[in-house]
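FYI, my numbering numbers position 82 of the sequence shown as 443, with every residue one higher than the one before it.
Virtual Cβ for every residue (Gly too), placed ideally from N, Cα, C.
Here the structure is a predicted model, which is why all the values come from computation and not from measurement.
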Amino acid sequence: MKEKIWLYALENAVKFKGKANTNAVLGKILGEFPKAREDTAKTLKEIGLIIKKVNVMPLEEQKKELEKRSPGFEKKKEKEKQKRKEERLELPPLPKAAMGKVITRMSPEPSKYNHVGHAMTFLINFLYAQKYKGKCILRFEDANPVKVTKEFVDTALDDVLNYLEIKPNKIIYVTDDMQKLYDHAEQIIKKGKAYTCNCERELMQDKRMKGIPCDCTKKFPDTVLDEWKKMINGKYKEGEMVLRLNIDMKHKNAVMRDPVVFRIISTPHYKHGKKYCCWPLYDFYNALEEEFCEITHVLRSAEFDVRVELQDYIRKLFGYKNPQSYQYGRINVKGATTQGREIRELIEKGAVSGWDDPRLVTLKAMKRRGFVKETFYELAIRVGLSKTQTNIDWTLLSSTNRKYLDKSSNRYFFIDDPVEIDIENAPKLDIELDLHPEFKKGGRKFKTGTKFLITKKDYENIMKAKKGTILRLMDCLNFKLEKNKLIFHSQPYEDFKNAGGKIIIHWLPADKKNAEIKIRTPENNLIKGTAESGVKNLKQGDIVQFERYGFARLDNKKELEFIFTHA
Numbered sequence: 362m363k364e365k366i367w368l369y370a371l372e373n374a375v376k377f378k379g380k381a382n383t384n385a386v387l388g389k390i391l392g393e394f395p396k397a398r399e400d401t402a403k404t405l406k407e408i409g410l411i412i413k414k415v416n417v418m419p420l421e422e423q424k425k426e427l428e429k430r431s432p433g434f435e436k437k438k439e440k441e442k443q444k445r446k447e448e449r450l451e452l453p454p455l456p457k458a459a460m461g462k463v464i465t466r467m468s469p470e471p472s473k474y475n476h477v478g479h480a481m482t483f484l485i486n487f488l489y490a491q492k493y494k495g496k497c498i499l500r501f502e503d504a505n506p507v508k509v510t511k512e513f514v515d516t517a518l519d520d521v522l523n524y525l526e527i528k529p530n531k532i533i534y535v536t537d538d539m540q541k542l543y544d545h546a547e548q549i550i551k552k553g554k555a556y557t558c559n560c561e562r563e564l565m566q567d568k569r570m571k572g573i574p575c576d577c578t579k580k581f582p583d584t585v586l587d588e589w590k591k592m593i594n595g596k597y598k599e600g601e602m603v604l605r606l607n608i609d610m611k612h613k614n615a616v617m618r619d620p621v622v623f624r625i626i627s628t629p630h631y632k633h634g635k636k637y638c639c640w641p642l643y644d645f646y647n648a649l650e651e652e653f654c655e656i657t658h659v660l661r662s663a664e665f666d667v668r669v670e671l672q673d674y675i676r677k678l679f680g681y682k683n684p685q686s687y688q689y690g691r692i693n694v695k696g697a698t699t700q701g702r703e704i705r706e707l708i709e710k711g712a713v714s715g716w717d718d719p720r721l722v723t724l725k726a727m728k729r730r731g732f733v734k735e736t737f738y739e740l741a742i743r744v745g746l747s748k749t750q751t752n753i754d755w756t757l758l759s760s761t762n763r764k765y766l767d768k769s770s771n772r773y774f775f776i777d778d779p780v781e782i783d784i785e786n787a788p789k790l791d792i793e794l795d796l797h798p799e800f801k802k803g804g805r806k807f808k809t810g811t812k813f814l815i816t817k818k819d820y821e822n823i824m825k826a827k828k829g830t831i832l833r834l835m836d837c838l839n840f841k842l843e844k845n846k847l848i849f850h851s852q853p854y855e856d857f858k859n860a861g862g863k864i865i866i867h868w869l870p871a872d873k874k875n876a877e878i879k880i881r882t883p884e885n886n887l888i889k890g891t892a893e894s895g896v897k898n899l900k901q902g903d904i905v906q907f908e909r910y911g912f913a914r915l916d917n918k919k920e921l922e923f924i925f926t927h928a
């Protein structure tokens, strides 16, 4: 019990700037030692004597004494703090949301590879649906045959279902509703709320900018309906005719100035081929699909804010209710190229190898680099529905990802730029190290002699050390530098610590069983080096931590080529 009093007194003192509190320590002792209640006065006296000794110590001395009596106390405290923080991490309440009634949607346009920002949007919608035991729909907005492809659809499906492991309640495609969208267009034509327009594009844009009504609004309803039917039956070429809403060309919101809602595109569609040639634009199909899918909450980034008025107007034309719409702050990935057009140009120039080049922030690239789905889940919860712009950079991505990799990644030694050293009189040893310090004990076996591999940088530091300095090969042995020779000193870590040793080096036995590997860096450099033989048993896609180097994912099993994730 006495040792526990010391421990709790020191913990309390360190927590409260050097002054331990008797009652705080008493409460812990009585909770842990029920027999101490039989003579509380005696227990109090013992606590008082120890607290008196503790409180006269300087704070730094208290910390040292605590570390001596409870090794790793600060690390344990930090872990507990982080655990409590993670337990508190949850999405804020969703306004006007009823348990079991929430329906959200993820609505990618399959015209490029999804990136980190898309992952945030997908997860915010999915996690809110989960929070309220509702539904989340994956809806592909594939109504632009010029841009959308099967490759992009398949990639998005893989991102959502396999990488992020989101389980949507339903997967739908906007273009499967083409006939329904045509029917709705015909309804508003008959009501005089839409008209066909064959003006030149430049003239149309000029009039919209100046707020001048279009002469096409004067067409007779029968003419509009006839031209509409010609549009959907392929009687016009691209650019010859469009369908526009008849709203107000002087509206203060330029989006509301008789927007185009259907246009002619002759490019075959990846899914429907040449079945359709008249295609809806975003605001029209998006507004109606919310109704078709029974969406209750639309959660999207702030750049869509100006579209809300138009989409609400379109639903009102048909007597449909508006879903709850919330625009959160734009999610910006700092220092990264996310525009599909720019990435295509980089690929064409050979500046990057493809959409999954690990220097990009596409989800394919992030997976290839070694970022796990939990990272994006945590960031999505942190972002939530915040109205301010969220800036995500590599530092934030890496620090978040590191927490999860640290728990799951096996440890291995990797020696870049290896130098062979000879430690005189080093005994032959059978060393077994842990694959993971907490979860996987043992598993890494080495037979050592006098010859070892260390990094060139460590070798240079050794040779600069003061003669007679005790150095250590991590979890192996101690040695010293004498007259430019390395000589075995001892094995126990305590000998190294008591000698005031500070340099601990990772190593490998100079053994033919070692693996020659390559690590590709974020700068696209290829680092060659030697790793312990256990890496030969890894599967492609496995993520490991090379001690004192960083995390890396095995990208090519045959070549033993890894991609550096982060430190």
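For T383, the enclosing alpha helix (DSSP H) begins and ends at T383 to E393. Around L642, the same chain offers A504, P620, V621, V622, F623 and R624 as residues with beta carbons nearer than 8 Å, after the five sequence neighbours per side are excluded. For Y773, the uninterrupted beta strand (DSSP E) run begins and ends at N771 to Y773, by DSSP.
Here the region 471-480 lies against the region 713-724, with 3 or more beta-carbon pairs under 8 Å apart. Sorting I880, V896 and G895 by C-alpha distance to the C-alpha of K889 places I880 at the top. Going by C-alpha positions, Q672 is about 6 Å away from D644.
According to the DSSP assignment, K879 belongs to the beta strand (DSSP E) that extends over A876 to R881.
Your pair L427 and E372 checks out as a contact, with CB atoms roughly 7 Å apart and the cut at 8 Å.
Between K508 and S472, the beta carbon gap of about 4 Å places them in contact (Cβ cut-off 8 Å). Looking from the CA of T809, the closest CA among N859, E893, D576 and E821 belongs to E893. Using a Cβ distance threshold of 8 Å, E908 and R729 do not count as a contacting pair. Taking F653 as the centre and dropping the five residues before and after it, the same chain places the C-beta of D538 and K541 closer than 8 Å to its C-beta, in chain order. Exclusion of the five residues before and after V667 leaves V616 as the residues of its chain whose Cβ lies within less than 6 Å of its Cβ.
Note that the C-beta distance between L814 and L746 is not below 8 Å. The way I'd put it, the region 406-423 does touch the region 379-390; three or more beta-carbon pairs between them come closer than 8 Å. Judged by beta-carbon spacing, Y556 lies beyond the 8 Å limit of N594, meaning their Cβ atoms are not closer than that value. Taking a cut-off of 8 Å for Cβ pairs, the region 655-666 and the region 514-528 do not touch, as fewer than three such pairs fall below it.
With fewer than 16 other beta carbons inside 10 angstroms of its own, R562 counts as exposed. Beta-carbon to beta-carbon, A459 and I411 are separated by about 56 Å, too far to satisfy the 8 Å threshold.
The region 827-838 makes contact with the region 852-870; the number of CB pairs closer than 8 Å reaches 3 or more. Minimum Cα-Cα distance from R661 among the listed residues T465, Y534 and Y631 corresponds to T465. Per DSSP, the beta bridge partners of S686 are V659.
Annotation: N845 to Y820 spans about 11 Å, alpha carbon to alpha carbon.
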